[in-house]
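Enquirer: Would you mind keeping the following structure in view while I ask a few things?
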Ligand code: BGC
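Below, the structure written as structure tokens:
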């Protein structure tokens with residue numbers, strides 16, 4: 028495919044949750060051949076790249092973030108030759124492919140872990156993981172760390188020692204002080220680069236290195252994100268300085284190929300993030316700030332301005348994310364009263380607090396924000412259809428380990444992973460010719476690709492038009508200048524376009540200029556209604 032360097036700096040990257048995208052063989056789970064059969068949708072949408080959630084051999088205890096073999100494709104998803112065919116077909120269509128690499132932990136089914144737990148304490152195979160004797164008489168875990176999905180971060184082995192898992196017990200943490208671990212990942216990266224993968228999304232990029240003494244952490248409970256802390260903290264397992272050596276090692280490998288990139292999923296303090304983006308480390312890092320920003324013009328303005336300034340200061344490119352496979356989908360977030368704990372709301376409600384229409388309008392307006400900002404924009408599958416969270420999945424189908432590990436107090440992330448509706452009716456709305464692994468609600472048909480494709484007022488049409496207009500009007504100029512159009516209004520200028528978003532409760536006068544694109548479905552007169560964005564020339 029045509030080579031143009033630093034493609035990641037400005038692209039639209041579409042996130043494919045393979046298990047929920049399209050099923051080719053009728054087992055109710057998405058797969059690579061299903062994805063191949065739907066590439067036309069992505070080409071028509073105009074995306075530059077896709078990022079695939081993990082597709083490696085896995086017991087799928089955490090949606091594939093529990094990898095049993097980094098060089099094999101999970102049989103539910105297909106084969107290595109299907110993956111190679113997918114990469115080639117994407118390249119033929121001008122779409123680059125980013126794979127997900129999970130270096131912090133393996134699956135407990137990985138051959139290394141099986142070797143470790145069947146070898147005696149002190150054996151070299153055990154040193155690939157973080158395995159320690161317990162405290163006191165050995166029956167207490169080595170320290171007080173808590174796993175991200177709930178419960179202690181340590182599980183006791185039959186021989187009495189304990190192994191560390193920052194996530195599920197089926198995801199033992201690797202010991203990144205062990206050179207064999209480092210060498211293995213060098214090789215895995217080369218394996219995928221040799222198969223034409225264009226980039227890597229590095230999972231939990233702030234987690235690999237642990238404090239050598241594994242001290243207790245204070246205070247509990249632990250934040251998943253360190254972004255909420257006022258100052259960077261010396262944390263025993265998040266964001267430790269030793270991570271940068273690993274980053275440099277990987278970067279050197281990628282630099283030995285043409286045009287490859289890596290993007291970090293690093294939940295670190297904003298002051299630490301630039302360190303990940305030094306010239307010999309990551310090309311890019313996710314910026315999750317918009318996921319945590321309420322629908323408020325002043326808040327959006329400060330998040331956008333800060334991110335653009337921070338990126339410019341270090342010569343990096345910004346990234347924008349409204350939704351992904353770990354968070355409540357944004358049309359639902361935007362339909363809930365400000366201040367709602369959205370994860371808790373899934374189970375606890377009150378569910379009648381949801382204003383789905385407002386959420387949908389705001390999601391349309393938000394698309395014209397993220398697709399007009401400098402840097403790259405990540406679009407999570409189904410976002411282009413306006414899919415909201417399916418918050419009322421039957422409890423007995425929930426698959427996210429969070430549900431069990433929280434002892435049924437936190438529902439988890441299944442509601443944003445419900446399979447894509449392709450057709451208005453038929454079994455699983457064209458996702459599969461059988462029932463889908465997570466059930467789709469009846470109303471999914473109205474949001475299907477078929478139902479939206481030819482409707483000029485659909486979310487899908489809006490995304491297509493915005494991506495096309497972005498490529499045409501905005502691509503060459505990465506600078507952004509904030510404008511002041513009064514309270515409740517977010518406004519900025521980029522290239523020859525002025526973006527104006529009314530995030531307040533009342534209509535505001537329409538600023539001058541020709542409307543290039545509008546998130547409203549009705550014709551606009553001399554007022555810009557609430558929850559509406561326009562691009563003006
Ligand atoms: C992924 C999650 C996953 C976790 C553990 C994350 O940040 O996005 O889906 O559960 O890493 O691998």
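Numbering (my numbering), first residue to last: 28 to 564.
Quick reminder that beta carbons are idealized off the backbone N, C-alpha and C, glycines included.
Computed from a prediction, not measured in an experiment: that's the story for all the values here.
Give me whichever residues DSSP pairs with residue 179 in a beta bridge.
Expert: 173
Enquirer: Kindly list the residues whose CB is nearer than 7 Å to the CB of residue 129, restricted to its own chain and excluding five residues on each side of it in sequence; keep chain order.
Expert: Taking residue 129 as the centre and dropping the five residues before and after it, the same chain places the C-beta of 81, 92, 94 and 230 closer than 7 Å to its C-beta, in chain order.
Enquirer: If residue 507 and residue 395 are in contact, beta carbons under 8 Å, what's the gap, nearest whole angstrom?
Expert: In fact, because the Cβ distance is near 14 Å, the residues do not count as touching under 8 Å.
Enquirer: Which ranges does the alpha helix (DSSP H) cover as unbroken runs of at least 4 residues, wholly within the region 59-125, from first to last along the chain?
Expert: Taken in chain order, the whole alpha helix (DSSP H) runs of length 4 or more contained in the region 59-125 are 59-64, 66-72 and 107-119.
Enquirer: Can you list, in chain order, the stretches of the alpha helix (DSSP H) that have 4 or more residues and sit fully within the region 294-356?
Expert: 300-303 and 324-341
Enquirer: Alpha carbon to alpha carbon, how far is residue 172 from residue 71? Give it in angstroms, no decimals.
Expert: 47 Å
Enquirer: Considering only residues of the same chain and omitting the five flanking positions on each side of residue 261, which have a CB-CB separation below 6 Å?
Expert: none
Enquirer: Does DSSP put residue 560 in a helix, in a strand, or in coil?
Expert: strand
Enquirer: Output the distance between the C-alpha atoms of residue 99 and residue 224, rounded to the nearest integer angstrom.
Expert: 14 Å
Enquirer: Smallest Cα separation from residue 543: which of 537, 133 and 562?
Expert: 562
Enquirer: Using only the alpha-carbon positions, how far apart do residue 549 and residue 529 sit?
Expert: Roughly 15 Å between the two C-alpha positions.
Enquirer: Cβ of residue 230 within 6 Å of any heavy atom in ligand 1?
Expert: yes
Enquirer: Do you know whose CA, among 416, 309 and 430, lies nearest residue 422's CA?
Expert: Distance from the Cα of residue 422 is smallest, within the candidate group 416, 309 and 430, for 430.
Enquirer: Quick one: what does DSSP say residue 472 is sitting in, helix, strand or coil?
Expert: Three-state result, residue 472: helix.
Enquirer: Please state if the CB of residue 485 and the CB of residue 456 are separated by a distance shorter than 7 Å.
Expert: Cβ distance not < 7 Å, so residue 456 and residue 485 don't count as in contact.
Enquirer: In whole angstroms, give me the CA-to-CA distance for residue 214 and residue 264.
Expert: Answer to the nearest angstrom: the Cα atoms are 25 Å apart.
Enquirer: Since residue 498 is in the alpha helix (DSSP H), which residue starts that stretch and which ends it?
Expert: From DSSP, residue 498 is part of no alpha helix (DSSP H); its letter is neither H nor E.
Enquirer: Alpha carbon to alpha carbon, how far is residue 303 from residue 309?
Expert: Their Cα atoms are separated by approximately 6 Å.
Enquirer: Flag this pair as yes or no: are the beta carbons of residue 438 and residue 374 separated by less than 7 Å?
Expert: yes
Enquirer: Look at residue 361 and residue 386 and say whether their C-beta atoms are less than 7 Å apart.
Expert: yes
Enquirer: CA-CA distance, residue 233 and residue 300?
Expert: 10 Å
Enquirer: In the structure shown, what three-state DSSP assignment does residue 226 receive?
Expert: Strand at residue 226.
Enquirer: Hey, could you find the ends of the beta strand (DSSP E) residue 516 is sitting in?
Expert: 516-521
Enquirer: Where does residue 205 sit, in a helix, a strand or coil, going by DSSP?
Expert: DSSP places residue 205 in coil when its eight states are reduced to three.
Enquirer: Compare the beta carbon distance of residue 36 and residue 49 with 7 Å and say whether it is the shorter of the two.
Expert: no
Enquirer: Here's a check: name, in chain order, each residue in its chain whose Cβ is nearer than 8 Å to the Cβ of residue 482, leaving out the five neighbours to either side.
Expert: 488
Enquirer: Hey, could you find the ends of the alpha helix (DSSP H) residue 381 is sitting in?
Expert: Run containing residue 381: none; DSSP gives neither H nor E here.
Enquirer: Which residue or residues does DSSP assign as beta-bridge partners of residue 524?
Expert: 521
Enquirer: With a Cβ-Cβ cutoff of 7 Å, do residue 57 and residue 46 count as a contact?
Expert: yes
Enquirer: Between the region 194-211 and the region 125-142, do at least 3 Cβ pairs fall closer than 8 Å?
Expert: Look at the beta carbons and you see the region 194-211 touching the region 125-142: at least three pairs across the two are nearer than 8 Å.
Enquirer: By the three-class DSSP mapping on this structure, what secondary structure does residue 189 have?
Expert: strand
Enquirer: I'd like to confirm the pairing. Which residues does DSSP put opposite residue 529 in its beta bridges?
Expert: Beta-bridge pairing links residue 529 to 516 and 559.
Enquirer: I'd like the span of the alpha helix (DSSP H) that includes residue 508, first residue to last.
Expert: No alpha helix (DSSP H) holds residue 508; the beta strand (DSSP E) holding it covers 508-510.
Enquirer: What is the DSSP secondary structure of residue 158, counted as helix, strand or coil?
Expert: strand
Enquirer: In this structure, does DSSP put residue 374 in helix, strand or coil?
Expert: helix
Enquirer: Does the Cβ-Cβ distance between residue 169 and residue 159 come in under 7 Å?
Expert: yes
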